[in-house]
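Trainee:
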Amino acid sequence: MSVIRSAITGVGSYLPEEIVTNADLAKVVDTSDEWIVERTGIRQRHRARPDQPTSDLAVEAAKKALEDAGRTAADVDLIIVATTTPDMTFPAVASIVQRKLGTGVGIAFDVQAVCSGFVYALSVADGFVARGMSKCALVIGAEEMTRLMDWTDRTTCVLFGDGAGCVVVEPREGQGTAQDQGLLGFALRCDGSKTDLLYVDGGPASTGTVGHLRMAGNQVFRHAVVNIAEGITATCEVAGVTVPEVDWFVPHQANQRIIKGVGDRLGLDENKVISTVAEHANTSAASIPLALDAAIRDGRIKRGDLVLLEAMGGGLTWGACAIRL
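Yeah, the sequence shown ends on 336 if you go by my numbering, and it's all consecutive.
This is the structure we're talking about:
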């Protein structure tokens with residue numbers, strides 16, 4: 012049976028020029044390289060310039076993804092940006108990206124699911140592309156998490172960085188099997204009863220300020236390992252594949268201990284796990300496309316590979332996606 016799949020045809024990413032090492036952070040907060048690496052695996056992160064809003068990062072990633080797909084801005088009819096650090100309360104970052112890219116009139120909006128945002132945004136794009144409402148979509152994860160940091164809180168400020176990643180999603184014909192190129196299955200979740208575990212203590216309708224990120228780290232870690240493993244198992248069932256069949260696992264780059272914990276729980280071969288957390292830190296919704304692009308560029312992930320994406324973030328939200336590239 013012939014079906015229309017939503018396929019990833021191009022990938023791109025962008026990191027701001029400034030690199031902030033653990034040693035740099037040790038000069039402004041009570042921490043050390045050893046302390047950070049031991050607990051998180053992070054060695055450095057990138058930080059955007061004060062005059063460089065999230066939309067600028069998104070545009071640079073989008074340009075690279077379009078080039079990789081052999082498309083131009085004129086081909087784009089849908090832009091979805093996953094972000095929790097928009098340029099302003101409104102308009103959406105996607106609207107600003109549309110203007111800066113010069114794509115012309117089309118569909119453009121943001122998705123807010125924090126670190127899970129990119130997986131959520133992919134599922135939304137799938138709804139447009141696979142049903143004929145979009146022929147060329149940009150799905151972008153773009154974040155400037157350093158804007159939300161309390162630089163006196165060493166338990167959070169060392170964890171996050173800035174960056175953006177983008178994929179081009181286009182329709183492809185398939186046979187309705189797990190061998191098709193495209194997005195094969197999703198599992199999306201949210202448990203709103205745990206909003207107090209990871210949140211920002213500000214907002215336009217509460218304090219009228221941006222606020223700072225707050226996290227109950229130990230509890231988030233515990234929920235992450237259990238929830239992500241469940242989401243991955245559910246996704247594989249929907250996609251008609253098994254975990255051992257997966258060629259590459261591209262997790263949200265939050266913490267190396269979480270990545271390892273999920274891998275161990277599922278019995279994943281550590282050689283199949285893509286980790287960029289040491290170089291990028293936690294870039295929230297940008298972390299999956301950043302890691303995906305890095306692994307494609309260095310030749311590990313190739314066309315035809317079965318790739319599993321996963322993330323968990325504030326909400327608590329979590330989700331996973333199985334893709335045949």
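Positions of the beta carbon are idealized from the N, C-alpha and C atoms, including for glycine.
Would you give the residue range spanned by the alpha helix (DSSP H) that G219 belongs to?
Mentor: Unbroken run through G219: none, as it is neither H nor E.
Trainee: Going by other Cβ atoms of all chains shown within 10 Å of its Cβ, with 16 needed for buried, is S217 buried or exposed?
Mentor: Label assigned to S217: exposed.
Trainee: Where A250 and V261 are concerned, what is the direct C-alpha to C-alpha distance, given to the nearest angstrom?
Mentor: Cα-Cα distance, rounded: 16 angstroms.
Trainee: Looking at W329 and R165, is the spacing between their C-beta atoms short of 7 angstroms?
Mentor: It is not a contact, given that the beta carbons lie outside the stated cut-off.
Trainee: Would you call the region 103-123 and the region 278-290 touching, i.e. three or more CB-CB distances under 8 angstroms?
Mentor: Segments in contact, no.
Trainee: Kindly indicate which residue of L170, G193, K111 has the alpha-carbon position closest to the one of G138.
Mentor: Answer by Cα proximity: G193.
Trainee: Where does T206 land, buried or exposed, given buried means 16+ other C-beta within 10 angstroms?
Mentor: Per the 10 Å Cβ criterion, exposed.
Trainee: Going by C-alpha distance, which of A322, A175, S145 is nearest D86?
Mentor: Considering only alpha carbons, the answer is S145.
Trainee: DSSP on V237, reduced to helix/strand/coil?
Mentor: In the structure shown, V237 sits in a helix (DSSP, three-state: H, G or I).
Trainee: Going by DSSP, what residue range makes up the alpha helix (DSSP H) through L277?
Mentor: Note, L277: alpha helix (DSSP H), 267-277.
Trainee: Need the endpoints of the beta strand (DSSP E) that E29 sits in, please.
Mentor: Residues 29-32.
Trainee: If we require 4 or more residues per run, which alpha helix (DSSP H) segments fall completely within the region 112-172?
Mentor: Fully enclosed alpha helix (DSSP H) runs of 4 or longer: 128-140.
Trainee: Is N101 helix, strand or coil when you go by DSSP?
Mentor: The sequence as given places Phe at residue 101; Asn does not occur at that position. F101 falls in the coil class under three-state DSSP.
Trainee: Please classify W4 as buried or exposed, where buried requires at least 16 other C-beta atoms within 10 Å of its C-beta.
Mentor: Residue 4 lies beyond the stretch modelled for the chain, which goes from 12 to 336, so this question has no answer here.
Trainee: Comparing the C-beta of K283 with each C-beta of chain E, is any distance below 7 angstroms?
Mentor: Checking the listed chains, one finds no chain E in this structure; it contains a single protein chain.
Trainee: Which class does Q55 belong to by DSSP, given the choice of helix, strand or coil?
Mentor: DSSP places Q55 in strand when its eight states are reduced to three.
Trainee: Would you list the residues sitting across from I334 in a DSSP beta bridge?
Mentor: L194, V318, per the DSSP bridge assignment.
Trainee: State the Cα-Cα distance for the pair D173 and A132, rounded to the nearest angstrom.
Mentor: One C-alpha to the other measures close to 19 angstroms.
Trainee: Taking only three categories from DSSP, how would you classify P300?
Mentor: The answer is helix: DSSP assigns P300 an H, G or I state.
Trainee: Who are the near neighbours of V135 in its chain, counting only those whose CB is closer than 7 angstroms to its CB and skipping five residues on each side?
Mentor: Correct list, in chain order: I91, V122.
Trainee: Identify whether L208 lies in helix, strand or coil by the three-state DSSP scheme.
Mentor: Correct three-state label for L208: helix.
Trainee: Using CA coordinates, which residue listed in A235, T32, I334, N293 is at the minimum distance from L159?
Mentor: Nearest C-alpha to L159: N293.
Trainee: Give the range of the beta strand (DSSP E) segment to which T20 is assigned.
Mentor: Element bounds for T20: 14-25.
Trainee: Is R110 helix, strand or coil by DSSP?
Mentor: R110 falls in the helix class under three-state DSSP.
Trainee: Over the uninterrupted alpha helix (DSSP H) stretch that includes V70, give me the two end residues.
Mentor: Start and end: 65-80.
Trainee: Rounding to the nearest angstrom, what Cα-Cα distance links P255 and I243 in this structure?
Mentor: Those two C-alpha atoms are separated by around 12 angstroms.
Trainee: Around the C-beta of E281, are 16 or more other C-beta atoms found within 10 angstroms, so that it is buried, or is it exposed?
Mentor: E281 comes out exposed.
Trainee: Apart from the five residues just before and just after I366, which ones in its own chain have a Cβ nearer than 6 angstroms to its Cβ?
Mentor: Look at the range of the chain in this structure, 12 to 336, and you will see that residue 366 is not part of it.
Trainee: With respect to the beta strand (DSSP E) encompassing A93, which residues constitute its N-terminal and C-terminal limits?
Mentor: Segment 89-93, the beta strand (DSSP E) holding A93.
Trainee: From L277, T167, V252, L279, pick the residue whose C-alpha is nearest to that of N229; which is it?
Mentor: Answer by Cα proximity: T167.
Trainee: Please classify G324: does DSSP put it in a helix, a strand, or coil?
Mentor: In this structure, G324 counts as strand in the three-state DSSP scheme.
Trainee: Measure the C-alpha to C-alpha separation of V236 and K111 and round it to an integer number of angstroms.
Mentor: The alpha-carbon atoms of V236 and K111 are separated by roughly 39 angstroms.
Trainee: Count the other CB atoms within 10 Å of the CB of M323; is the residue buried (16 or more) or exposed (fewer)?
Mentor: When all chains shown are included, M323 counts as buried.
Trainee: Which residue or residues does DSSP assign as beta-bridge partners of L199?
Mentor: Note: L199 sits in a beta bridge opposite G330.
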